[in-house]
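First residue of the sequence shown? That's 136 in my numbering, and the numbers climb one at a time after it. These notes concern the structure reproduced below.
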Amino acid sequence: MKPAAFVRHVPKTIDEAVKILAEVASQDGRVLAGGQSLVPIMAFRLAKPAHLVDINEIAGLDRIAVEDSMLTIGALARHAAFHKPVVDNPLGHLLSAVARHIAHYPIRMRGTYCGSLAHADPASEWCLVAAALDATIVARSVRGERRIPAKEFFSGIMTTALADDELLVAAKLPLLAPDTRFGFQEFSRRAGDFAMTAALVTWHPRDDKMRDVRIGIGGAEPFARRIAEAEGVLEGQAPGGDLFRAAADAAAQAVEPMEDHQTSAEYRRDLVRAMLRRALDQSAA
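Structure representation (structure tokens):
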């Protein structure tokens with residue numbers, strides 16, 4: 136199929152983009168960055184925006200830089216930018232490890248980090264990273280700039296705290312301690328498919344104990360989030376198999392898994408248990 140008719144706007148600055156968005160948001164105006172989620176939906180006419188605000192001509196939106204101990208990722212930074220570490224910090228290596236799991240190579244060449252956050256698919260790897268690491272989402276509108284913590288940004292399946300006339304201009308991730316350990320595991324039916332469940336863990340050792348533990352689960356629930364119950368099991372304890380099993384069990388019990396025609400809630404709960412256990416083993420290896 137072909138998309139319904141629409142008007143394409145090509146702003147050259149962020150100020151111009153948010154001004155146009157303010158005018159067309161009430162007509163289901165959408166922002167076009169990588170288009171790897173929006174364009175297929177439009178082709179099937181599941182979305183029929185009357186206006187597209189194409190931000191690809193705005194200079195500087197592909198910027199990735201360290202500012203005040205935070206990694207700032209601009210709205211046009213592609214998935215492929217993270218194939219190699221973008222910063223000499225465990226965060227750079229974590230992002231590189233996660234990026235390899237995103238869809239397929241052609242999609243990674245065009246799709247964007249911030250576009251994934253705005254789309255808010257429960258299976259998105261970048262949404263999981265943002266939730267687990269407490270990212271800050273920077274949004275702009277004609278009313279000014281708004282900074283939204285990740286725990287307040289995601290609110291449901293493909294639903295965020297962004298207003299219709301707001302442009303997501305950047306995401307900010309905190310740099311990790313130099314000795315940070317991390318593990319990432321996901322399960323999908325085929326390579327490149329959407330993750331049915333994914334787990335991300337970060338921590339760093341102090342006195343042979345796990346400190347500053349962060350556990351994130353994605354794909355199992357309507358949106359990715361940190362699992363405090365599992366973090367509490369691990370914090371201040373010596374890493375090991377029995378402890379990891381207890382944390383994985385705690386996470387499995389804490390989630391409220393989605394169901395569909397292929398997958399039961401209990402199956403997804405088991406996936407949470409397995410993916411987190413593997414991620415923890417990986418982090419300690």
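Think of the CB as a built atom: it goes at the ideal place given N, C-alpha and C, for glycine as much as any other residue. If you're wondering where the values come from, they're calculated on a predicted model, not measured in any experiment.
Inset, instruction - Could you check the C-alpha separation between Ala216 and Gln171 for me, to the nearest Å? - result: The alpha-carbon atoms of Ala216 and Gln171 are separated by roughly 16 Å.
Inset, instruction - Answer yes or no: does any C-beta atom of chain C fall closer than 8 Å to that of Leu297? - result: Chain labels in this structure do not include chain C; a single protein chain is all it has.
Legend entry - Separation of Glu287 from Gly367, as counted between CA atoms: Those two C-alpha atoms are separated by around 21 Å.
Legend entry - Inter-residue spacing [alpha-carbon to alpha-carbon] between Val142 and Val166: Distance between the alpha carbons of Val142 and Val166 is about 12 Å.
Legend entry - Cβ pair count under 8 Å reaching 3, the region 347-364 against the region 286-300: Counting Cβ pairs under 8 Å, three or more are found: they touch.
Inset, instruction - Just mark Asp256 as buried or exposed, buried being the case when its beta carbon has 16 or more other beta carbons within 10 Å. - result: It is buried - the Cβ of Asp256 has at least 16 other Cβ atoms within 10 Å.
Inset, instruction - Would you decide whether Gly318 is buried or exposed? Buried here means 16 or more other CB atoms lie within 10 Å of its CB. - result: Per the 10 Å Cβ criterion, buried.
Inset, instruction - Would you list the one or two residues that DSSP bridges to Ile208? - result: Beta-bridge pairing links Ile208 to Ile199 and Ala306.
Legend entry - Beta-carbon contacts of Leu297 that lie in its chain and below 7 Å, excluding the five residues immediately before and after: So the qualifying residues of the chain are Ala253, Ala274 and Leu303.
Inset, instruction - Can you grab the Cα-Cα spacing for the pair Ala139 / Pro184, in whole Å? - result: Distance from the CA of Ala139 to the CA of Pro184, rounded to the nearest whole angstrom, comes to 8 Å.
Legend entry - His396 burial status per 10 Å Cβ neighbour count (16 or more: buried): That one is exposed.
Inset, instruction - Might you give, ordered along the chain, the residues of its own chain that have their beta carbon closer than 6 Å to the beta carbon of Thr207, omitting 5 neighbours on each side? - result: Spatial neighbours of Thr207 in its own chain (CB-CB distance under 6 Å, excluding positions within 5 residues in sequence) are listed in chain order as Ala200, Ala305 and Lys307.
Legend entry - Helix, strand or coil at Asp416 according to DSSP, with G and I counted as helix: Under the three-state reduction of DSSP, Asp416 is assigned to helix.
Inset, instruction - Using three-state DSSP, classify Arg324 as helix, strand or coil. - result: Coil at Arg324, not helix or strand.
Legend entry - Short Cβ contact (8 Å threshold) for Gly250 with Gly169: Yes, these two residues count as a Cβ contact at 8 Å.
Legend entry - Alpha carbon of Asp189 to alpha carbon of Trp261, nearest angstrom: Taking the straight line joining both Cα atoms gives about 22 Å.
Legend entry - Limits of the unbroken alpha helix (DSSP H) element including Val166: The continuous stretches of alpha helix (DSSP H) do not include Val166, which lies in the beta strand (DSSP E) extending over residues Arg165 to Leu167.
Inset, instruction - Note down, in chain order, each residue of its chain lying with its Cβ closer than 8 Å to the Cβ of Ala312, except the 5 sequence neighbours on either side. - result: Pro225, His339 and Asp347, listed in sequence order.
Legend entry - Enclosing beta strand (DSSP E) for Pro225 [first to last residue]: Run containing Pro225: none in the beta strand (DSSP E); it sits in the alpha helix (DSSP H), Pro225 to Ala234.
Inset, instruction - Please determine, among Thr295, Gln320 and Ala285, the residue with the shortest C-alpha to C-alpha distance to Pro309. - result: Selected option, being the one with the closest Cα: Ala285.
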